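The opening position of the sequence shown corresponds to residue 3 in this note's numbering, with each subsequent residue numbered one higher. Single-structure report; data block below.
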Amino acid sequence: MISNLDVEAVLNGDDRIVLDLGKGEEITVVRDDDAIFIDDIEFDIDTLKSMTRWKGVYGITDNGDIFKLEIRSGSYYKLVQERRYEAPTLEIDGIRMHRTKWTDPWTDAGVKVAKAGVGKGDHVLDVCTGLGYTALRAMEAGAHVTTIEIDENVIELARVNPWSDGLEGADLITGDAVEVVPTFDDESFNVVIHDPPRLARAGELYSTEFYSELFRVLKPGGTLVHYVGSPGSRYRGKDVPAGVAKRLTMVGFDVEEVDRKWGLIRARKPI
């Protein structure tokens with residue numbers, strides 16, 4: 003697969019390209035008078051130019067057929083690369099699910115895992131899988147990961163995303179976290195990384211009831227890292243991070259850090 007950014011680079015004269023969004027084989031681009039060959043597949047110039055007008059990722063069949071990696075099912079889903087060879091973000095109805103302006107999704111996931119202090123042998127609960135980057139970074143650190151995702155369309159895009167390769171190593175549960183988390187035993191996890199959609203889309207994942215469940219399934223001394231959004235962001239005039247920190251304290255957490263740069267709150271369950 004290739005992105006619109008790869009196509010733009012080829013049209014601008016780049017003679018080498020790494021397939022699969024930077025995770026695949028590096029190949030040489032062959033040029034003819036009115037055609038360009040990418041991975042032995044012939045493209046006419048007009049086709050390539052048309053591919054740059056849609057910001058997203060394209061799949062290419064063995065026969066050279068091109069298709070957009072997108073899903074139209076209730077909402078509109080696609081993968082988008084902000085910069086070549088960086089992990090793509092997931093876009094739903096035009097809203098990006100990751101930070102992309104001054105960082106990239108892979109780095110952002112690594113910050114969450116580092117903030118949580120994930121280490122070898124930890125049992126990590128990852129709430130809201132998305133493309134699986136947080137789960138993958140936690141597994142890189144040696145953790146056993148259980149991850150929950152409600153949206154099957156998101157899971158389908160993760161299956162074809164080269165940067166999500168290896169997610170099968172996690173225990174992936176398809177379901178609503180509000181319903182799934184109460185089924186876990188008390189004190190099942192050392193770490194919970196909670197990365198919900200914005201408050202306006204999933205208010206139930208910011209409720210004291212749900213936070214109580216996260217508190218219950220954490221071991222004493224365990225860490226919660228909660229993504230809360232952009233620094234200084236406000237929803238209907240309210241300071242979202244401050245409200246989240248207050249509710250976490252209400253259910254028993256000790257809030258240790260509110261990191262407004264990365265939009266993260268770190269809290270701990272007392273021993």
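Ideal Cβ positions, reconstructed from N, Cα and C, are used throughout, including at glycine. All values derive from a computational prediction rather than experimental measurement.
- Contact annotation: the segment 148–157 touches the segment 116–128, with at least three C-beta pairs closer than 8 Å.
- Excluding residues up to 5 positions away in sequence, L138 lie with their Cβ nearer than 6 Å to the Cβ of G168 in the same chain.
- Sequence-distant Cβ neighbours of T30 in its own chain, meaning closer than 7 Å and more than five residues away, are D17, R18.
- Straight through space, the alpha carbons of L71 and E44 are spaced by roughly 20 Å.
- For I47, the uninterrupted alpha helix (DSSP H) segment begins and ends at 47–53.
- For a cut-off of 8 Å, the C-beta gap from D106 to A89 is around 6 Å, short enough to register as a contact.
- Taking a 10 Å sphere around the C-beta of Y78, we find fewer than 16 other C-beta atoms and assign the residue as exposed.
- Around the beta carbon of T225, 16 or more other beta carbons sit within 10 angstroms, so the residue counts as buried.
- Cβ-Cβ separation between V59 and M3: approximately 6 Å, consistent with a contact (criterion under 8 Å).
- Here R101 has D110 as same chain residues with Cβ atoms under 6 Å from its own Cβ, once five neighbours each way along the sequence are excluded.
- Per DSSP, the unbroken beta strand (DSSP E) holding S75 starts and ends at 72–75.
- Inter-residue distance for R249 and N65 is about 55 Å (C-alpha atoms, whole angstroms).
- Going by DSSP, F186 is part of no alpha helix (DSSP H) at all; its letter is neither H nor E.
- Straight-line spacing of the CA atoms in A143 and D241 works out to 33 Å.
- If you look at E93, you'll find it in the beta strand (DSSP E) that goes 91–94.
- If you check the CB distance, G245 and F217 do not come in under 8 Å.
- For N6 against K80, the beta-carbon gap comes to about 11 Å, at or over 8 Å, which does not count as contact.
- Taking a 10 Å sphere around the C-beta of I195, we find 16 or more other C-beta atoms and assign the residue as buried.
- Going by C-alpha positions, F186 is about 12 Å away from K221.
- Membership of R218 in the alpha helix (DSSP H) is indicated by the continuous run 210–219.
- If you keep only unbroken beta strand (DSSP E) runs of at least 3 residues inside the segment 240–268, you get 256–261.
- Under DSSP, L174 shares a beta bridge with T149.
- Shown here, V12 sits in a helix according to DSSP, grouped into three states.
- For G26 against V20, the beta-carbon gap comes to about 6 Å, under 8 Å, which counts as contact.
- Taking a C-beta distance under 8 Å as the contact criterion, D46 and D36 qualify as a contact pair.
- Short of 7 Å from the beta carbon of E215, and not among the five residues preceding or following it, lie these beta carbons of its own chain, in chain order: V183, P184.
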